[in-house]
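Okay, structure first, notes after.
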Amino acid sequence: MEIFIRRNDRFSVRFFAASIFVLLTIFVAWVYEYAVGSGGAILASLVFSITFLFGGYIGGVTFFLFLPFLWFVTRMEPMLMGSVIVRTAYLGTGVLIVARTRRLMEARQAYEGYQSVDSEGELNHLKNLLLHKSERVEALRRGIKRMEGLAVAAKELNAANSVTEVARILADYASRGGREGTRVVIFAVDDQDDAEPLAAGKNGEIVTGGRELKQLDGQDFNPYLLRRRINIFVEDVSDEFRTPPLAKVNRDVACVMAVPMVIGDKVVGIIRCESDTPRNYEMEDLRYINSLAVPGAIALENARLYSQTEEHAKLDGLTGVFRRGRLEARLDWEIKRAIRYGKPLSVLLLDVDHFKSINDSYGHVVGDDVLRRMGGILKENFSEPYFVGRYGGEEFLVLMPNHDTKEAKDRAEAFRRRVEETTFGEKIKITISGGIATCPKDAKTDKKLLKMADRALYCAKESGRNRIEIFNEGSR
Numbered sequence: 003m004e005i006f007i008r009r010n011d012r013f014s015v016r017f018f019a020a021s022i023f024v025l026l027t028i029f030v031a032w033v034y035e036y037a038v039g040s041g042g043a044i045l046a047s048l049v050f051s052i053t054f055l056f057g058g059y060i061g062g063v064t065f066f067l068f069l070p071f072l073w074f075v076t077r078m079e080p081m082l083m084g085s086v087i088v089r090t091a092y093l094g095t096g097v098l099i100v101a102r103t104r105r106l107m108e109a110r111q112a113y114e115g116y117q118s119v120d121s122e123g124e125l126n127h128l129k130n131l132l133l134h135k136s137e138r139v140e141a142l143r144r145g146i147k148r149m150e151g152l153a154v155a156a157k158e159l160n161a162a163n164s165v166t167e168v169a170r171i172l173a174d175y176a177s178r179g180g181r182e183g184t185r186v187v188i189f190a191v192d193d194q195d196d197a198e199p200l201a202a203g204k205n206g207e208i209v210t211g212g213r214e215l216k217q218l219d220g221q222d223f224n225p226y227l228l229r230r231r232i233n234i235f236v237e238d239v240s241d242e243f244r245t246p247p248l249a250k251v252n253r254d255v256a257c258v259m260a261v262p263m264v265i266g267d268k269v270v271g272i273i274r275c276e277s278d279t280p281r282n283y284e285m286e287d288l289r290y291i292n293s294l295a296v297p298g299a300i301a302l303e304n305a306r307l308y309s310q311t312e313e314h315a316k317l318d319g320l321t322g323v324f325r326r327g328r329l330e331a332r333l334d335w336e337i338k339r340a341i342r343y344g345k346p347l348s349v350l351l352l353d354v355d356h357f358k359s360i361n362d363s364y365g366h367v368v369g370d371d372v373l374r375r376m377g378g379i380l381k382e383n384f385s386e387p388y389f390v391g392r393y394g395g396e397e398f399l400v401l402m403p404n405h406d407t408k409e410a411k412d413r414a415e416a417f418r419r420r421v422e423e424t425t426f427g428e429k430i431k432i433t434i435s436g437g438i439a440t441c442p443k444d445a446k447t448d449k450k451l452l453k454m455a456d457r458a459l460y461c462a463k464e465s466g467r468n469r470i471e472i473f474n475e476g477s478r
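Mapping the sequence shown onto the working numbering, position 468 (from 1) lands on 470, and the numbers just tick up by one.
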């Protein structure tokens with residue numbers, strides 16, 4: 003199109019110039035012969051020239067109308083106008099001008115159309131360029147926002163002391179820095195490479211516990227990630243060959259990226275982002291999560307060590323069960339919970355029978371070994387949801403949530419028989435006595451409940467030891 007237009011345009015211009023040359027030749031001849039001193043002829047010629055140069059059909063029509071007008075103004079002799087040559091020259095030139103000015107006009111219109119098309123293409127190019135630059139500016143803004151978020155997240159992670167708090171911070175900033183609709187799940191990985199969800203976030207809402215969190219498994223990609231210790235980036239899960247066909251996933255997942263949090267050669271956690279839209283993530287999103295995983299891994303490990311240290315500080319150094327202060331705090335919380343939900347709470351107060359005689363006969367070192375072994379047996383037999391602590395000396399307290407008096411006594415009797423059948427050291431046999439009180443049946447405060455359990459324990463000792471008694475009004 004461009005070549006055609008330019009070629010016709012050049013031809014029309016050349017013909018236009020030739021036409022003007024012919025006309026000017028005739029016009030000069032006429033002026034020389036007949037129009038010397040005639041102002042009307044010059045004016046008419048000027049009008050003709052301007053009109054002709056305007057182009058198009060107007061120039062050709064004006065040429066024909068100009069003939070009689072020229073004849074009248076100059077009083078031309080019939081012999082000149084009657085000349086066949088002159089008539090043919092004027093008539094032929096007019097016809098050619100009409101034809102070629104039409105082509106010239108068409109060429110001009112086509113060229114203007116070409117320029118219009120060319121301008122539209124340039125405009126589209128500018129629009130695309132502007133869109134590209136806008137996307138780059140938006141990506142730059144998103145990157146700056148993410149970098150600022152990483153700086154703030156690092157400070158908060160450094161100050162976090164619990165594993166749950168670390169997971170909450172990671173879920174919060176991974177969710178805020180991710181794409182719209184992204185679900186973030188933070189997993190903690192234990193020494194057996196079992197991944198447990200600690201926190202989840204979506205659209206600014208963070209969950210750190212409850213049934214909803216427990217349902218967020220990651221068995222589709224977590225095993226592969228833990229085995230290979232590499233990042234996972236799956237644009238479309240339906241096309242992914244690494245996923246086991248029967249992997250447990252109880253939610254819509256179409257696009258996944260997951261980053262391991264690594265300390266040394268051990269994976270301590272996983273940051274997983276998932277979307278129900280395929281190809282919703284780009285590599286810059288993976289780089290952001292990877293940057294968040296570095297301080298996240300350090301914070302998660304530090305929180306674990308802090309929790310272990312804090313937990314050990316709450317434990318009795320000899321028996322390995324909780325100290326009395328931690329025990330009483332938990333008792334107060336369990337009582338409030340039992341009253342709020344209308345569930346029973348029983349407490350079992352235990353005492354090692356004739357422990358003083360063991361110290362006197364075998365020495366305090368053996369006595370400490372007995373207590374240490376007793377603590378181990380208690381932890382083996384009363385794991386979650388029970389709570390075991392050393393109440394003082396050779397006395398131990400067991401909190402038994404959701405256990406009424408009968409259930410608590412059956413459980414306590416089984417433990418009493420276990421202790422009776424156990425040999426401590428090489429030949430030492432011991433027995434225990436215990437007293438049970440239940441909230442809210444016997445008491446609704448911690449001090450009174452402990453007092454009732456102590457009364458029942460006293461009754462068990464008075465009744466011959468090696469037995470479990472429950473509190474009743476006669477125990478008073």
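Glycine residues also receive a C-beta, built at the ideal position from the N, C-alpha and C atoms.
Using three-state DSSP, classify residue i as helix, strand or coil.
| i | result |
| --- | --- |
| Phe74 | Low per-residue confidence applies at Phe74: pLDDT is 48, beneath 50, and the placement is therefore not dependable, though the value from the model is reported in the following sentence. Reduced to three states, the DSSP call for Phe74 is helix. |
| Leu320 | coil |
| Lys345 | coil |
| Phe384 | coil |
| Lys429 | coil |
| Pro262 | strand |
| Ile171 | helix |
| Pro297 | helix |
| Val38 | The pLDDT assigned to Val38 is 44, lower than 50, so where the model puts this residue is not dependable, and the model offers no usable value. |
| Lys268 | strand |
| Ala156 | helix |
| Arg332 | helix |
| Cys389 | What sits at residue 389 in the sequence shown is Phe, not Cys. Of the three classes helix, strand and coil, the one that applies to Phe389 here is strand, per DSSP. |
| Phe417 | helix |
| Phe398 | strand |
Going by beta carbon distance, what residues of the same chain come within less than 8 Å of residue i, once the five residues before and after it are set aside?
| i | result |
| --- | --- |
| Tyr393 | Arg326, Leu329, Leu351, Leu399 |
| Lys381 | Gly322, Val323, Val390 |
| Arg420 | Ile379, Asn383 |
| Val372 | Val354, Phe357, Ile360, Phe426, Gly427, Ile430, Ile432 |
Judging by CA-CA distance, which residue of the options is the nearest neighbour of residue i?
| i | options | result |
| --- | --- | --- |
| Tyr388 | Glu242, Ala414, Ala305 | Ala414 |
| Gly344 | Gly151, Gly203, Pro442 | Pro442 |
| Arg332 | Leu401, Ser309, Ala202 | Leu401 |
| Ala299 | Gly466, Met263, Glu397, Arg467 | Met263 |
| Asp412 | Leu380, Ala462, Ile470 | Ile470 |
| Glu150 | Arg178, Asn160, Asn130 | Arg178 |
| Ala375 | Asp334, His405, Thr424 | Note that residue 375 is Arg in the sequence shown here, rather than Ala. Comparing Cα-Cα distances from Arg375 to each of Asp334, His405, Thr424, the minimum goes to Thr424. |
| Asp278 | Glu182, Asn130, Leu172 | Glu182 |
| Thr210 | Arg170, Glu396, Gly180 | Arg170 |
| Val354 | Glu409, Ser293, Glu397 | Glu397 |
| Glu386 | Arg144, Gly206, Pro403 | Pro403 |
| Pro297 | Gly466, Ala153, Ser136, Glu422 | Ala153 |
| Ala155 | Leu172, Gly369, Ile341, Arg281 | Leu172 |
| Glu207 | Arg230, Asp238, Tyr175, Gly319 | Tyr175 |
| Asp238 | Gln221, Ala256, Ile232, Asp196 | Ala256 |
| Ile265 | Pro280, Glu303, Asp287, Arg230 | Glu303 |
| Phe223 | Asn233, Tyr460, Leu215 | Asn233 |
| Asp448 | Leu288, Glu422, Ala340 | Ala340 |
| Lys268 | Cys275, Ile291, Arg229 | Arg229 |
| Ser309 | Ile291, Gly319, Thr166 | Thr166 |
| Asp195 | Leu451, Asn205, Tyr226 | Tyr226 |
| Gly395 | Asp318, Arg274, Gly466 | Asp318 |
Can we count residue i as close to the ligand GTP, meaning its CB is less than 6 Å from some heavy atom?
| i | result |
| --- | --- |
| Lys450 | You won't find the ligand GTP in this model; it holds no ligand whatsoever. |
Output needed for residue i: all residues of its chain with C-beta closer than 6 Å, excluding positions within five of it in sequence on either side, in chain order.
| i | result |
| --- | --- |
| Ala455 | Val349, Leu351, Gly437, Ala439 |
| Val236 | Glu242, Val258 |
| Gly377 | Thr321, Gly322, Val323 |
| Tyr59 | At Tyr59 the pLDDT is 48, less than 50, meaning the model places this residue with poor confidence and gives no usable figure here. |
| Gly369 | Ile360, Asn361 |
Can you list, in chain order, the residues of its chain with a C-beta nearer than 7 Å to that of residue i? Leave out the 5 residues immediately preceding and following it.
| i | result |
| --- | --- |
| Gly84 | Note that Gly84 scores a pLDDT of 46, beneath 50, so its modelled location is shaky; the value from the coordinates is reported in the next line. Result list for Gly84: empty, nothing under 7 Å. |
| Leu218 | Val187, Pro199, Ala202 |
| Asn160 | Ala301 |
Can the beta-carbon of residue i be found closer than 7 Å to that of residue j?
| i | j | result |
| --- | --- | --- |
| Ala260 | Ser164 | no |
| Val168 | Ala301 | yes |
| Val367 | Gly271 | no |
| Ala197 | Gly180 | no |
| Phe473 | Asp444 | yes |
| Lys463 | Ser435 | yes |
| Pro346 | Asp254 | no |
| Glu276 | Arg185 | yes |
| task | Starting from the N-terminal side, write out each stretch of the alpha helix (DSSP H) that is 4 residues or longer and does not extend beyond the region 184-252. | result | 213-216, 224-230
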